[in-house]
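Residue numbers (the working numbering): 38 to 184.
A quick write-up on the structure given underneath.
So this is what it looks like as structure tokens:
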């Protein structure tokens, strides 16, 4: 009995074409997502709430609280934490309460604002100090500080 010979050449041709197609198509897959960072428009005059607390970090790593008080000593983080604790105590925000008269969480919110050129670790130190002071939640702001 004669066995027919199986010709695998067409199968190899098809596999080679599929391999070439996958090699060409795989680099075309997007590797990142394009996003647009919101910018602040000069004509936007939104009033700031009186309870808003903004901790600013300057390029020299000194701190400001609502642009009123400057912390530039060695123990600036501890002083900031104590000042935030005092602010929250005078506002009457309990340590364990999230809602005080319906606005408790907003009365403990602190915004941290830093230039983009500042190292990540410096910003995290300030966030930790703000949390130790009793802030919850801590939010990051898009900075309009130069470098």
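Note that beta-carbon positions come from the ideal geometry of N, C-alpha and C, so glycine has one too.
Would you list the one or two residues that DSSP bridges to residue i?
| i | result |
| --- | --- |
| residue 107 | 101 |
| residue 177 | 149 |
Which stretch, first to last residue, makes up the beta strand (DSSP E) that contains residue i?
| i | result |
| --- | --- |
| residue 93 | 90-94 |
Let's see if you can read the secondary structure: which residues bound the alpha helix (DSSP H) around residue i?
| i | result |
| --- | --- |
| residue 62 | 46-62 |
| residue 118 | 113-128 |
| residue 159 | 157-169 |
Of the choices the options, whose alpha-carbon is the least far from that of residue i?
| i | options | result |
| --- | --- | --- |
| residue 149 | 100, 55, 48, 171 | 100 |
| residue 111 | 38, 97, 105 | 97 |
| residue 169 | 44, 158, 123 | 123 |
| residue 127 | 51, 64, 88 | 88 |
With a threshold of 8 Å on Cβ separation, who are the neighbours of residue i within its own chain once the five nearest residues in sequence on each side are excluded?
| i | result |
| --- | --- |
| residue 178 | 91, 148, 149, 150 |
| residue 167 | 92, 117, 118, 121, 147, 149, 175 |
| residue 163 | 92, 94, 100, 114, 117, 149, 151 |
| residue 155 | 94, 96, 98 |
| residue 59 | none |
Using a Cβ-Cβ cut-off of 7 Å (strictly less than) and excluding sequence neighbours within five positions of residue i, which residues of its own chain qualify?
| i | result |
| --- | --- |
| residue 145 | 125, 130, 171, 172, 173 |
| residue 56 | none |
| residue 53 | none |
Skipping 5 residues on each side, what residues in its chain have a beta carbon closer than 6 Å to that of residue i?
| i | result |
| --- | --- |
| residue 86 | none |
| residue 40 | none |
Report yes or no: is there a C-beta of chain B within less than 8 Å of the C-beta of residue i?
| i | result |
| --- | --- |
| residue 116 | No chain B appears in the structure shown, which is made up of a single protein chain. |
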